[in-house]
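FYI, the numbering for the sequence shown is 1 to 414, going by my numbering.
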Amino acid sequence: MQIAVIGGGAAGVSTAFFLAGTGHQVALLERYGNVAQEISSGNAGLMSSRNTVPWAAPGMPQKLLRLLFRPETPVSMRARMQPSLWRWLRRWMAECEIDRFRINAARLQGLADYSSDLMRQLGEHYPFEYEKTTGLLQLFRSQEERRFAEPALEMLAASSVPHRLLEPEGARCIEPSLAWHTPLNSALYLPEDEAGNCPLFIRQLRNAAQEMGVSFHFDSRVDGIDSDGKGVALRVGEQRFHADAVVIATGAGSIGMLRALGVKPPFHPVKSYSATAFIRDFEHAPSASVLDETYKVNLSRLGSRVRLAGTVEIGFPAPELRETALRTLVKVGEDWFPQAANYNGATFWSGITPMLPDGGPLIGPTSLPHVYLNISGAHHGWAMAVGAGRLVSDMISGYAADIDTSGLTLTRFA
């Protein structure tokens, strides 16, 4: 078939790659001048499968409420919220119940595990180099933080995932540069989790997809999608292009596109931040990745740089960088690795992602013929992107999926 993929991030490029590998003629349309120009460009770099858990977790509403008005906080909300946001928050709080959390976390981790397996297979065939590191250290500043993590720790134990719960001395054996002045109650070490340079990986995957016949069309904004007999027609400016099927993989841009088609999943746009700084003292820099559980900020080593990513803003769709979020990122860097970099001089970034109440992705067919989705979860896009791309390719091609896709498609909101 002739298939159009809209979106040049991790989800879109992965989908195009696998579709081409199945024998389809694939065209990818991206509104910017290259791939990985939006949320994929500034994400945390985590490919962590076992730390892929939803924000909707037991105790999270109470925790966020306590932190909401602090000078440094992992979440900010506009005081005057629209009714649609209140409705979304009610659904999100329902997903924080322990039983819902376990279901949602198992789905996310199943997809992330599948994606991790595919990444290893890709590494056997392509000489991809993207500043990969191995190991994730999750830091608990207090006993209360560790208590909040108990449901996730129970899931790790039940699934026999390699992990170690460490006292502060053990955590500093893993990361000797951790500062001593910051209180540390305990840490969780996941030795097999990985991180890397997501944009660099996507550009290399784009090259591999091009070799397989995928045509990339940059500076091409899709203004609309219409039914066109047995397929669809894409409107790009004054032009119309026919395709047998289309995959929408445009992140936050998908919300308006889907509404125009009459498809209204319970998305809400959230803004996240990152800071990237060059390392000035390699002896005091992290060797891999660290996650501050209190502030929900991840710090990853990307070659000669460190990246801090996290915080969520709800109700602030404008692109400006807000001081509260930047202060939170800088605090986490200075708390744990103060000599590694000048965090105040970092390059700061923010991006909008769509978040569903259960924190999961949205993949597969819609109620409209020939229209498919691959929209990643807000915080774990790269960890699931390759697996989601393969699943969507299999769905379009009529192949049986390698994993259970229940709870990942649009039908869960029917």
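The beta-carbon is built from N, C-alpha and C at its ideal position, and this holds for glycine as well.
Cβ neighbour criterion (16 or more within 10 Å) applied to residue i
i      : result
Glu169 : exposed
Ser159 : exposed
Gly251 : buried
Glu293 : buried
Ala400 : exposed
Asp99  : exposed
Pro127 : exposed
Asp358 : buried
Asn344 : exposed
Continuous alpha helix (DSSP H) stretch holding residue i: start and end
i      : result
Asn207 : Cys198 to Glu211
Ile396 : Gly381 to Ser397
Val330 : Glu323 to Trp336
Ile255 : Gly253 to Ala260
Met93  : Pro83 to Glu95
Gln143 : Gln143 to Phe148
Met77  : Unbroken run through Met77 is the beta strand (DSSP E), Val75 to Met77; no alpha helix (DSSP H).
Gln37  : Here Gln37 belongs to no alpha helix (DSSP H), and DSSP marks it neither H nor E.
Beta-carbon contacts of residue i that lie in its chain and below 8 Å, excluding the five residues immediately before and after
i      : result
Arg445 : Because residue 445 is not part of the residues shown, which for the chain are 1 to 414, the question remains open.
8 Å Cβ cutoff met for residue i and residue j
i      : j      : result
Pro354 : Arg91  : no
Val53  : Ala152 : yes
Cys198 : Ser40  : yes
Ala285 : Ala340 : yes
Leu28  : His217 : yes
Ala11  : Asn374 : yes
Leu356 : Leu329 : no
Arg206 : Gly224 : no
Asp193 : Gly135 : yes
Leu184 : Leu139 : yes
Gln25  : Gln2   : yes
Ile6   : Val222 : yes
6 Å Cβ shell around residue i - same chain, five flanking residues per side excluded
i      : result
Lys271 : Glu313, Phe316, Ser350 and Ile352
Ala275 : Leu308, Leu329, Ala346 and Phe348
Lys296 : Pro74 and Gly310
Leu111 : Met384 and Gly387
Start and end residues, beta strand (DSSP E) containing residue i
i      : result
Tyr114 : Premise fails: Tyr114 lies in the alpha helix (DSSP H), Ile98 to His125, not in any beta strand (DSSP E).
Met277 : In the sequence on display, residue 277 carries Ala and not Met. Ala277 -> beta strand (DSSP E) spans His268 to Phe278.
Phe140 : Thr133 to Phe140
Gln25  : Gln25 to Leu29
Gln2   : Gln2 to Ile6
Thr353 : Thr347 to Met355
Gln239 : Gln239 to Ala243
Leu373 : Val371 to Ile375
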